[in-house]
Amino acid sequence: MDRRGRSLLVVALAVLAIGALVPATAAATTPATAATSTAAATTTAATTTAATSAATPATTTTAATSTATPTPPATTPTNHSTNTSLGCVDGICHDDPINVTQVDGLDAAERDRLLARSMARVEYLRGEPFTESVPVQVVDSETFGREQLTPNSSDPRYTRWNDQVWKALFIVGDNTSTQTAITETLTGSVNGLYSPRRDEIVIVADDPESPRISEATLIHELTHALQDQRHDLTSPRFSGDTQDADLAVTGLYEGEAGYIEALYRQRCDDDRWRCQRASPTSGDGGATNRGILTVVLQPYSDGPGYVHEIVTTEGWAGVDERMADPPTTTSEIIHREPIDPHSVDPPSTATAGWQRYTEPGRNGTEVAGEASIFVMFWYQATTARADTVDPGTLYESEGEYDSRTYSAPPSDGWAGDALVPYRRGDDDGYVWTTEWGTPGDAAEFHRAYTAILTARNATATDPGIYELDDAFAGAYGIERDGTRVRIVHAPTTDGLRELDPGLEPSATSDQIPGFGIAGALLALLAAGWALAWPATRQRE
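Every letter in the sequence shown is one number past the one before it in UniProt numbering, and letter 150, counting from 1, is 150.
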């Protein structure tokens, strides 16, 4: 929740484990807003900025200095200007042995050697030199959660606005704070981050005085440090003004870091490098909302493949060009093709005292985007058994550098959207206008959205008008006209036309078959628990 009122973000988080993304083999009628992770877990679509404040809603956070657990002095390599060749740092080159053991944790000298070689390896893989030292601080997970994930202050207006965004996505329901759900999802799940504001890496460990540090985590975070030295990650161009733009730019810089990490792992697996494979030891998982987590992890899943394709066709110069002019939609990251989304800005025609917000998002308007819409359908398929998408789709990898797939018919044809939250006294509502590539795409979105309401036992009071009485309670009106689908939500049916006097609800007439509940259950059972996401990070 930064000054722009963003609704979700990720900045350089290293995810410890993603037990929370395991497909559910049994779903409750009403999805829970938080699930228990079997391991530690970590997130981008609506609000948690701890590191550079450029990819999710940036909430102002305190400096990451440990107070609960003694923290060793920052590990700082000597003056980098003494290095004379690419791929060598402080006299240690990328393929040198460093005589380090992590059985009893790393002492200061071992940490220095591991850091120097990791920097050398990033230089070697990326073909660019570091120009400055990169300090490393080690803290425990409690300190990290308190100092990196908890905002110093919270604007109640933004919090209320953001709650409506996540309710519209059927991910966080009533009586649950989105900010709390995001913080709980991340706390105890993060392995490390790079902070562009402080030019330092923060590593999370059980024992900060004698930590075990994964070299892969250092490689990932050091790639962010190199990006920062070359492109200044605190630049406004790395902060999207909507959720979709935030996720898109995150897909670029996290994609590069994930790709470099993948190249590192390949050299380790091929025995071209001797590598420190220490397992992360911090965190106990905690409460995890799988919907939030899945949104946040989209850049880490699709980003490396996106960057790989650029490097393959254009070289690293193509990546640098996009760092100068980042992508603005998750559709580009998912499909690897730039798109020019339609401008969707519904007029303020609300009556009866309903008021728009003016500051959060883009003048009070959010853009959910293709990735978040996919997760909406996936999350409701896994938790409410909605006939929306095959839950197993998420776990299908489409390439060597893709860990998950965020593409399915109800979200594929996305061409733009505008989600406008409203308030009136204690009442909340929203008008969500979506634009699609073809009338068929719009009909498929309409069908899948209605399937969510059906799965949640909504009552159809009139054609195209429904009422829910659960965590997402209220009235819903759906209008489809050609390539446009508009969804209006209010506490009561009377409020629907107060928010949108021109609403003409449409019943779902197109019989577009879904894959069915039986298929959904089979997909869930087949997907299994063995899920491994690339290292993730969070910026502040």
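From the three backbone atoms N, C-alpha and C, an ideal C-beta is built for every residue, glycine too.
If you draw a straight line from the alpha carbon of G291 to that of I333, how long is it in whole angstroms?
19 Å
Just to check my reading of the structure: V367 and Q243 have Cβ atoms closer than 8 Å, yes? What is that Cβ distance to the nearest angstrom?
6 Å
Relative to the C-alpha of Y401, which candidate in R117, G251, P327 has its C-alpha closest?
G251
Output the distance between the C-alpha atoms of W161 and Y259, rounded to the nearest integer angstrom.
35 Å
Count the other CB atoms, across all protein chains shown, that sit within 10 Å of the CB of S411; report buried if there are 16 or more and exposed otherwise.
buried
Going straight from the alpha carbon of L106 to that of R212, what length do you get?
6 Å
Sorted by chain position, which residues of the same chain lie with C-beta nearer than 8 Å to F472's C-beta, five sequence neighbours on each side aside?
K167, F170, G173, D174, R456
Using the Cβ count rule (16 or more neighbours within 10 Å means buried), how would you classify S214?
Per the 10 Å Cβ criterion, buried.
Cβ contact check for the region 353-372 and the region 406-422: 3 or more pairs under 8 Å:
yes
Less than 8 Å between the CB atoms is what I'm expecting for T365 and D345, so what's the real figure, rounded?
Confirmed, about 7 Å.
Pick from N289, T450, H342 that is closest to T383, judged by C-alpha positions:
N289
Could you work out which residue in A371, E435, G429, R424 is closest to R404 when comparing CA atoms only?
A371
Pairwise C-alpha distance: W436 and R198
42 Å
Is G291 helix, strand or coil when you go by DSSP?
helix
Please go through the region 352-385 and give each complete alpha helix (DSSP H) segment of 4 or more residues, from N-terminal end onward.
369-383
On the DSSP bridge assignment, give the partners of H489 in chain order.
Y430, Y476
Hey, which unbroken runs of the beta strand (DSSP E) at 3 residues or more fall wholly within the region 107-190?
136-139
What span of residues does the alpha helix (DSSP H) with W316 cover, start to end?
316-324
Nearest CA to the CA of V488: which residue from T388, G127, D470, I465?
When only C-alpha atoms are compared, the closest one is I465.
Using DSSP bridges, identify the partner residues of R404.
R404 is not bridged to any residue.
Between Y449 and P327, what straight-line distance do the alpha-carbon atoms span, to the nearest angstrom?
27 Å
Between the C-alpha atoms of V485 and V431, what's the straight-line distance to the nearest angstrom?
Cα to Cα, the separation comes out at about 11 Å.
Under 8 Å, do A490 and L499 count as touching if we go by C-beta distance?
yes
Helix, strand or coil: which one does DSSP assign to P347?
coil
Nearest-angstrom Cα distance between L186 and A205?
Their backbone Cα atoms lie some 15 Å apart in a straight line.
Is it the case that the Cβ atoms of I219 and R121 are separated by a distance below 8 Å?
yes
Would you list the one or two residues that DSSP bridges to G416?
E435
What three-state label does DSSP hand S195 in the structure shown?
strand
Using the three-state DSSP reduction, which class does V307 fall into: helix, strand or coil?
Helix, per DSSP.
Return the residue from the list G502, L115, A116, E444 that minimises the CA-CA distance to D387.
E444
Member of T223, D302, P156 whose CA lies at the smallest distance from the CA of D426:
P156
What residues are listed by DSSP as bridge partners for R104?
The question names Arg, yet the displayed sequence has Asp at residue 104. None, per the DSSP bridge assignment.
Taking the C-alpha atoms as reference points, what is the distance between D335 and A415?
Per the sequence shown, residue 335 should be read as His rather than Asp. One C-alpha to the other measures close to 13 Å.
From G429 to E467, what does the alpha carbon distance come to, in whole angstroms?
14 Å
If contacts are defined as beta-carbon pairs under 8 Å, then E479 and P439 qualify, I think. What distance do you get, rounded to the angstrom?
Incorrect: roughly 14 Å between the Cβ atoms, too far for contact.
Please state whether the Cβ-Cβ distance between A109 and V89 is less than 8 Å.
no
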